[in-house]
Each structure stands twice: as structure tokens, then as C-alpha cells.
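The sequence shown begins at 50 in my numbering and counts up by one.
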Amino acid sequence: MSADPWFVVTSACTACGACLRTCHLRCLRINPPGISPPVRILDDVCDGCGECAEVCPAEAIYPIQEVLRATHGT
Ligand code: SF4
Ligand code: SF4
């Protein structure tokens, strides 16, 4: 497990499933229809490798620390 898991940006994700097929730890899940975000990362399992972000056609996955900096200025 990494101290810096990655995060799915809700507005960009199209639920295509590419990240789920790529993750070597199988730690992404598709949420039921109508639930936001459409895909979630199990952050207690994610090791922060970034493979999912590389294959995401929507560029919807970012390191959680980067998301926190963008949203909270930390
Ligand atoms: S690859 Fe990107 S767009 Fe596709 S389900 Fe994963 S996060 Fe969403
Ligand atoms: S960063 Fe790596 S371990 Fe974490 S969800 Fe993406 S592919 Fe899986």
C-alpha cells in the first residue's frame, strides 16, 4: 500500500472500464448506475503505480495529493 493513492475525478470519468482491466492489484471498482463517481479506487489497496492513469482515455485519474492541492491549495 502507498501513502499516496490515486483518485478518479468524477466529472471526467466515462466508466469505460479501461483502468479496471489494467490495475495489477484489481483495486478499482465500478459503482452502481447513478452513483458518483462512476469508478472508485480502493485507496487502502492502491500502491500509487499510476498504470490506470496511463490508460485512461479521459485523463480522469490523478494522484490524490495533486487533487487535494488543486481543490484546497495545500
Ligand atoms: S479509464 Fe478513466 S474514464 Fe475509463 S473508467 Fe477508468 S477512470 Fe473512468
Ligand atoms: S495507481 Fe496503480 S494500484 Fe492504484 S488503482 Fe491505479 S493501477 Fe491500481
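Ideal Cβ placement from N, Cα and C applies to all residues, glycine included.
- Rounded to whole angstroms, the gap between the alpha carbons of A109 and A102 is 7 Å.
- For V116, the CB stays at least 7 Å from every heavy atom of ligand 1.
- The closest heavy atom of ligand 2 lies less than 7 Å from the beta carbon of G97.
- For I110, the three-state secondary structure derived from DSSP is strand.
- S85 and L91 have their alpha carbons spaced roughly 15 Å apart.
- At a Cβ-Cβ threshold of 8 Å, A67 and C105 count as neighbours.
- Distance from the Cα of G97 is smallest, within the candidate group H73, L117, V88, P81, for H73.
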